[in-house]
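Residue numbers (our numbering): 10 to 89. Heads up, the beta-carbon is just placed ideally off N, CA and C, and yes, glycines get one too. Take a look at the structure set out below.
Written out as structure tokens, the structure is:
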């Protein structure tokens, strides 16, 4: 659902606002991130770690940072 909504808005911006692909990506990144925020914090999914049940993405991030805080640099370099 999120992907189809993203494509519809991207197509609309490309036609009506006459944006080039780079501008469209920059303008859509913030709305896409805001749209996905509730899922990051509220939607648990199974993880393959022993001793852990279903976790949200935020809980996974907290666990990884508690085990290896230096991973934060890789996260920052990836463009998050």
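> Helix, strand or coil for residue 78 per DSSP?
Replying inline: Here residue 78 corresponds to residue number 69 of the chain shown, with the count starting at 1. It is coil, neither helix nor strand.
>> When you compare the segment 70-86 with the segment 34-45, are there three or more beta-carbon pairs, one atom per stretch, that lie closer than 8 Å?
In response: no
>> So the candidates are 48, 65, 60 and 61; which of them puts its Cα closest to the Cα of residue 54?
In response: Position 45 of the chain shown, counted from the start, is the residue given in the question as residue 54. The option with the nearest alpha carbon to residue 54 is 65.
> For residue 86 versus residue 80, is the C-beta distance shorter than 8 Å?
Replying inline: The sequence position of residue 86 within the chain shown is 77, counting from 1. The sequence position of residue 80 within the chain shown is 71, counting from 1. No, Cβ-Cβ distance for residue 86 and residue 80 is not below 8 Å.
>> Please return the same chain residues whose Cβ sits closer than 7 Å to the Cβ of residue 19, not counting the five positions on each side in sequence.
In response: For this step, residue 19 is matched to residue 10 along the chain shown. Same-chain partners within the cutoff: 33 and 37.
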